[in-house]
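Working notes for the structure below.
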C-alpha cells in the first residue's frame with residue numbers, strides 16, 4: 187500500500 | 543513603506559494564477575531583495591516558494607520588512623481589473639491594513655486605483671536546505687503539462703524514474719496503464735524546446751498527479767520547467783522567470 191508523505195516531514199520549521 | 547512598480551501586470555497575474563488553487567491565504571514578504579512567498583497547501587503535502595526579485599521591478603522601494611497577508615482569491619478579483627500590458631504599482635504602509643494597487647495603461651490616459659484589505663496570517667515557514675539532486679531534468683513546460691494531464695486521466699499516481707536511458711513517467715489505473723519516456727535531446731537552435739537530463743544516480747519515486755497537474759498551471763511563467771529528483775526527498779519543480787521564480791516542492795508517496 188502506498189501512502190502520502192507530508193512535506194513537513196522533510197524540512198525543518200523555522 | 544513599500545512601493546513597487548511592475549512594467550507589466552501580467553507578471554503578478556500569472557504568478558497568482560499559478561498558485562491560487564494550491565494555497566488560499568499567504569503572506570507576501572516584502573524586503574530589500576524583493577517580494578517573496580512561501581506557503582504549504584492545506585494538507586501539508588506540497589509547498590510553493592515564489593520570489594520576484596527587485597531587478598524585475600521598474601521601481602522598488604521597501605524601507606523595512608513588511609508582510610502582506612493576502613487572500614489570493616481576493617487578490618485575483620482585483621488583478622482581473624488590470625490589463626496584461628498595464629503598468630502596476632503596489633503600495634503599502636509599514637504596518638498596513640490594505641494594499642494599494644494602481645494600474646495604468648501604456649497610453650497613460652487611464653489610471654485604475656484599488657485597495658485590497660489585508661489579513662493577519664500566522665504562517666509556518668520551512669527551511670529548505672540547498673540540495674544536490676540525483677537527477678535534474680529540464681524540458682519544455684508545455685510537454686510536462688501534457689504528460690501530467692494525460693496520465694492523470696488514467697491514475698491518481700505517477701512513478702517517475704530517472705536512469706541513464708532517460709526519464710520515464712508511468713502510471714497504472716482501472717482502465718489500463720500508460721508510460722512516457724523522454725530521452726536527452728538538447729535543441730541547439732532552440733534550447734527551450736530541448737530536454738536535458740543530468741544524472742548523478744538513478745532515481746525512482748511516486749507522486750500524486752493531482753498536485754503535479756496543479757503545479758502545471760505555472761506553465762505560462764516559463765517555456766521550460768526544471769524537475770529535480772532525489773530518492774526519498776520531495777520533488778522540486780521550478781519555473782524560472784527573467785527576474786525570479788516559482789518553485790513547487792511535493793512530498794513523495796511512500797510504501798507502508
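Chains as they are written, first to last, in this note's numbering: chain A, 187 to 200; chain B, 543 to 798. Beta carbons are placed, not taken as given, at the ideal position from N, Cα and C, and that holds for glycine.
Residue 668(B) reaches chain A at 193, 194, 197, 198, 199 and 200, counting residues in chain order whose Cβ is nearer than 8 angstroms. DSSP, reduced to helix, strand and coil, places residue 688(B) within a helical segment of the structure shown.
Residue 770(B) places its beta carbon less than 8 angstroms from that of residue 678(B). In the three-state DSSP reduction, residue 618(B) falls in the helix class (H, G or I). By the Cβ-count criterion, residue 767(B) is buried, with 16 or more other Cβ atoms from all chains shown falling within 10 Å of its own Cβ.
Per DSSP, the continuous alpha helix (DSSP H) segment holding residue 757(B) begins and ends at 751–757. By a beta-carbon distance limit of 8 angstroms, residue 643(B) does not contact residue 660(B). Their separation comes to about 12 angstroms.
Taking every protein chain shown into account, the CB of residue 695(B) has fewer than 16 other CB atoms within 10 angstroms, so this residue is exposed. Unbroken alpha helix (DSSP H) stretches of 4 residues or longer found wholly inside the region 641–705 of chain B: 683–694, given in chain order.
With the rule of 3 Cβ pairs closer than 8 angstroms, the region 670–685 of chain B does not count as touching the region 616–630 of chain B. Listed in chain order, the alpha helix (DSSP H) runs fully inside the region 546–581 of chain B are 552–561, counting runs of at least 4 residues. Considering only beta carbons, the part of the region 583–598 of chain B lying closer than 9 angstroms to chain A consists of 583, 585, 586, 587, 588 and 589, in chain order.
Around the Cβ of residue 789(B), a 10 Å sphere holds 16 or more other Cβ atoms; the residue is buried. When the five nearest sequence neighbours on each side are left out, the beta carbons in the same chain lying within less than 6 angstroms of the beta carbon of residue 725(B) are those of 708, in order along the chain. In this structure residue 749(B) touches residue 702(B) by the C-beta definition: roughly 7 angstroms separates them, less than 8 angstroms. Nearest to residue 547(B) by C-alpha distance, out of 737(B), 600(B), 779(B) and 731(B), is 600(B). Residue 786(B) sits close to residue 593(B), with the two beta carbons spaced by under 8 angstroms. A residue is called buried when at least 16 other Cβ atoms come within 10 angstroms of its Cβ; residue 648(B) does not meet this threshold and is exposed. Distance from the Cα of residue 636(B) is smallest, within the candidate group 779(B), 737(B) and 609(B), for 609(B). The alpha-carbon separation between residue 733(B) and residue 682(B) amounts to approximately 9 angstroms. Contact of residue 619(B) with chain A is not assigned, every C-beta pair being separated by 8 angstroms or more. Contact annotation: residue 589(B) and residue 668(B) have beta-carbon atoms nearer than 8 angstroms.
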